[in-house]
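Asks: Just so we're aligned, residue 1 is where the sequence shown starts under full-length UniProt numbering, counting upward by one. Before anything else, here's the structure in question.
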Amino acid sequence: MDLVAGIRQLRVQSTSSSESEPVFMPAKPMEANPLGEPVALWSNVFPVKVHEHGVKLYQYEVDVFLSKKPFTDDMEEKDKFVVTRTPFHGARAAQGKEICGKLMECVFKQEEVLPWNKVFYDHHRMLFTTERIDNEGESIFCQIPLKEMERDEPVFKPFAYGKVELVYKGELEFSEKSISTLNGAPSGIARAKFLGKFVEIAASKYCLDGVVNNHSEQHKAASAFLYLSGNRVYSTLNGETLPEGKELLLGLRKTFDLIEGTQGRGHVEFGIPMDASKVCFIRANFAIETAKLVCKKTFQEPNMFTREDVEKLNRVLKGAVVVARYSNIHQNMKIDKIVMENACTQSFKTDLKSEETTFTVEEYFRTQRNETLKYPYAPLAQVTRGGRQNYFPLEFLGIMAGNVVHTEKQTPEIMSTIVKSSAMVPLARMNAIIDQANQQKVLGVKEMAGLIVEQNPYEVNGRILPPPQFQYQGQSVSQPLDERGSWKIPMRSQYAITKKVIRKWAFFVVKDGELSFAPNPFMARLILECNAKGLCVPAFAHSGLIRSDQLEATFQKLVVDEYDFAFFAMDDQLKLQDQLKYLERKYSVATQNVKLSTVEVIVSSSGRPATVANIVQKLNCKMGGLNHSLARQGTQFNESFKDGNIFVLGIGDVMPLGNTPGLEVEGNLPVVLSYAGNFSTVPNALIGDFMIENLPLDDAKISGAKIFDKVCEAMAGAKRRMPKNVVIYRMGSTDLDMKRIMEQEIKEIRGKLDQDARLLYIMVHKDHAVRFFKKNLVARENPTKQNIRPGTVVDTCVTHPHHREFYLNAHVGLQGTAKTPRYTVLYDDSDSTMAYLEAMTYDLCFMHQIVNLPTALPSPLRIAEEYGNRGKRILLKHWEENGVDTGNFQNLKQALEYKYAEKFKDRRINA
């Protein structure tokens, strides 16, 4: 074959750019917080050092194409499939990497362009070499007749030709000097990004080579890994079998971080955070075998499956990427859904010899494909191809490796099994990280790459901050946290603020059947606890037993009879939470619900006082009250917060609806935004809401100014002015989000404040790979004792060298390993000290009010996330009840958002 099918002039992109900074840059690092109890910790960030003198790198941008016919200069776009420009996820991501890797291997190995060990390719769009490829100043086209490759590759079917295009982008240097000069200016950020990508590829080269060389003896071990995405690799050996054709695979997530390292502020190093985790996949198998496992049926006779069986199969197989294998056909496709029909009953029309002919699925495969079905009475998979619905027998569909189980589609019982099975206590996780890193050959000298990934992770110096004081009505209490981070409310103390808004309320048991006990003792204890804490509620005006199908009629009667509140004890088998909260909003009757089993336990014994107390704490928040406030010596934050002189806003992550299982609708879908803060009539009580917006996802991610406008309106409605000090915690995920927020969102919000106001804006990341571990872990200790303590903060070594950043672990991991959020200060015009930032953030983790435990996130942000989840569920339930209508978003907003409900707009109704 010809190596170069065509050549065109290269447009080299210069790596130099203006050193001028954008309008907003992240706040610069400050001196570390010296306060708190020192604690030595292990991180999971492994140092990357330069080997000898490093290497010079040549960077190329890659495009990979497939076609059924030879490539030509005038080929139409519709005749070629651009692998590298197609978004792949899950199983298709693994397959896309395999295609790119195999074609690139063919280019370099068979044509002897460069030794393969001098090539570092991410199996997508980025490639580095340590020698410049000939053809300087030009891009390279390489056309590959797939039939001439060494072996038959089913991954390429039905295509006959592949093409690889390499475009030279410039050179970089990986050396101690080049690393030390990385700075926060745009050119430094760009160089750090590309060097970091090179480090990731070099550290993953063994597994990447296994993808393209799994036919060779020397790479059999490497081919035992599933390279699912750019930084996640899962071992396909020793998977743990779960019910319904699922399995847990142990994997390693690797990312690249620019950190300050052990030499402190002003120094720059590379580190690779590595985190082991278990992820649930659909086991690679023929779909019919999975169906037999899920339904526990053979499908050998007519009428063997029910609608319930189809629902079970859709939980597992809907959305799965499969490969259809029959006759000489080998096609990849995605299952839209499993249908109730079988191959003998489902018919369709097709053009045959210019005539429209009707076949059943069984007839078509028997007469046109010469395939006799073994399971003609099994349900069928519906697949959309070419704009038409097609039906495939499950026996012809092979489930591809890499199909991640979607948690939204699973039952609570299945999810409980997955969560328990995938939890890893700290010692087990730490050992798994080392084991996986060794198996994947991440650690050690990478001579051709000019780098070393050291065998041991960084040791870091953390500190443990003390908890704040808790203030109840008329008294301050400072009690030590127990090992779970919890505290106790003093005997006979009442909540800080209560509101007597319940004039008339009712109690209902929801059960489709008879009740085996009387709930009256629970009702009495509930009222007793309410009055003890200062709520002063009346006796229930009505109580009764209702069926699940009477729920909406019950709400209608509550409105007619002018009830303020309704309490529901629901049978554990009924899944009515979303419907209940939808009806609560629809009829503006506040509700609270508990499991019926919880009521029964409380009735049958004198125990569970904490459960009753938690119920009452939620009740007080729903009514607009405040259970406790905070105080801390040495900082004015809590006093200012209590008096309403500081406004704290949490902005939750964007909730898109486009990936919702079961939601099939054409046209644009809205997104759900969420927020929470102290903008009610009680200055330090946290309330929130969600917003349904018709925005593209990218615009929704920088919509904080729109949220800020709504909060200002709410504060004006509460007859309060915006304080001079504003703190915003924003949930974020990517560097691109951070850049756009700095350049647009923060600028807009700052422009809405008075000139003498002060803005502190903090980005919060949960989806990162950094973990912290106690030293000298003991295997026999439970997860609570193995995890790092609440209040543990780290603000050196593994933090960003150019950003003001810290990690704060406010909570304790009760199951598995605690994940510590990362806080990056994007804007601060008051130059807050690290001590102030960390103490304020930790204190806010104690303001959730529902249980006496600190939350992992500051309460305004945690509550905002809860409102976002509630809003998404209410919206989906509204569409389920009324049909999907995306034509009038204002009507949708007024029907569902809490601020349009007069009774709810000043309460934390989702408590």
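The beta-carbon is built from N, C-alpha and C at its ideal position, and this holds for glycine as well. No experiment lies behind these values; they were computed from the predicted model shown.
1) Ignore the nearest five residues each way along the sequence and tell me which others in Thr384's own chain have a CB closer than 7 Å to its CB.
2) Beta strand (DSSP E) containing Gly162: first to last residue?
3) Val233: which of Lys374, Ser277, Val199, Cys536 sits nearest, CA to CA?
4) In this structure, does DSSP put Glu459 in helix, strand or coil?
5) Got a sec? Which residues, its chain only, sit under 7 Å from Ile527 by beta carbon, not counting five neighbours each side?
6) Report the option in Phe348, Lys318, Phe174, Glu240 whose CA atom is closest to the CA atom of Ile452.
7) Give me the Cα-Cα distance between Lys28 and Val794, rounded to the nearest whole angstrom.
8) Could you check the C-alpha separation between Gly644 and Arg907 for me, to the nearest Å?
9) By Cβ distance, which residues of its chain are closer than 8 Å to Tyr326, with the 5 residues on each side in sequence left out?
10) Give the DSSP-derived three-state secondary structure of Met722 in the structure shown.
11) Are the beta-carbon atoms belonging to Thr306 and Gly245 less than 8 Å from one another?
12) What residue ranges within the stretch 246-328 form continuous alpha helix (DSSP H) runs of no fewer than 4 residues, ordered along the chain?
13) What separation, rounded to the nearest whole angstrom, lies between the Cα atoms of Pro466 and Glu37?
14) Using the three-state DSSP reduction, which class does Leu103 fall into: helix, strand or coil?
15) Can you tell me where the beta strand (DSSP E) holding Ala381 begins and where it ends?
16) Starting from the Cα of Glu838, find the closest Cα among Met104, Phe637, Gln440, Phe647 and give me that residue.
17) Rounded to whole angstroms, how far is the Cβ of Ser548 from the Cβ of Asp512, which I believe are closer than 8 Å?
18) Going by the beta-carbon positions, is the gap between Phe772 and Ile788 smaller than 8 Å?
19) Ser347 by DSSP, collapsed to three states: which one?
20) According to DSSP, is Gln494 part of a helix, a strand, or is it coil?
21) Suppose contacts are defined by Cβ-Cβ distances below 8 Å. Is Ile338 in contact with Val45 by that definition?
22) With which residues is Ala593 paired in a DSSP beta bridge?
23) What distance in whole Å lies between the Cβ atoms of Gly450 and Glu200, which are believed to be in contact at a cut-off of 8 Å?
24) According to the neighbour-count rule (16 or more other Cβ atoms, all chains shown, within 10 Å of its Cβ), is Arg151 buried or exposed?
25) Excluding the 5 residues preceding and the 5 following Gly534 in the sequence, name in chain order all residues of the same chain whose CB lies nearer than 6 Å to its CB.
26) Since Ser476 sits in a beta bridge, which residues does DSSP pair it with?
27) Using a Cβ-Cβ cutoff of less than 8 Å, which residues in the same chain neighbour Gln475 once the five nearest sequence positions on both sides are dropped?
28) Enumerate, from N- to C-terminal direction, the unbroken beta strand (DSSP E) stretches of 3 or more residues contained entirely within the stretch 685-715.
29) With three or more C-beta pairs closer than 8 Å as the rule, is the stretch 755-774 touching the stretch 709-717?
30) Rounded to a whole number of angstroms, what is the C-alpha to C-alpha distance between Ala699 and Leu293?
31) What number of angstroms, rounded off, separates the C-alpha of Val825 from the C-alpha of Asn314?
32) Could you spell out the range, first to last residue, of the beta strand (DSSP E) harbouring Ile399?
33) Roughly how many whole angstroms lie between the Cα atoms of Lys642 and Asn684?
34) When DSSP labels each residue in this structure, what does Asn214 get in the three-state scheme?
35) Starting from Phe679, trace the alpha helix (DSSP H) in both directions and tell me its first and last residue.
36) In this structure, does DSSP put Val540 in helix, strand or coil?
Replies: On the basis of the supplied data:
1) Asp336
2) 161-174
3) Ser277
4) strand
5) Contacts found: Val537, Ala539.
6) Closest by C-alpha distance to Ile452, out of Phe348, Lys318, Phe174, Glu240, is Phe174.
7) 17 Å
8) Straight-line Cα distance between these residues: approximately 17 Å.
9) Phe365, Arg369, Glu371, Phe396
10) coil
11) no
12) 287-295, 307-317
13) 8 Å
14) helix
15) 379-385
16) Phe637
17) 6 Å
18) yes
19) In the displayed model, Ser347 falls within a strand according to three-state DSSP.
20) If DSSP states are grouped into helix, strand and coil, Gln494 belongs with coil.
21) Between Ile338 and Val45, the C-beta spacing is not below 8 Å.
22) The sequence given here has Asn at residue 593, not Ala. According to DSSP, Asn593 bridges with Phe568.
23) Rounded, the Cβ-Cβ distance is 15 Å, inconsistent with contact.
24) With a pLDDT of only 44 at Arg151, under the threshold of 50, the placement of this residue in the model should not be trusted; the figure read from the coordinates follows. Exposed, by the Cβ-count rule.
25) Gln494, Tyr495, Thr498
26) Gln471
27) Pro490, Ser493
28) 687-693
29) no
30) First, the amino acid is wrong: residue 699 is Asp here, not Ala. Roughly 44 Å between the two C-alpha positions.
31) 44 Å
32) First-last of the beta strand (DSSP E) with Ile399: 397-399.
33) Looking at the two C-alpha atoms, the distance is approximately 5 Å.
34) Its pLDDT being 49, under 50, Asn214 is placed unreliably by the model, and the measurement read from it follows with that caveat. Looking at Asn214 - three-state DSSP - the assignment turns out to be coil, as it is neither helix nor strand.
35) No alpha helix (DSSP H) contains Phe679, which DSSP labels as neither H nor E.
36) Per the sequence shown, the amino acid found at residue 540 is Phe instead of Val. Coil, per DSSP.
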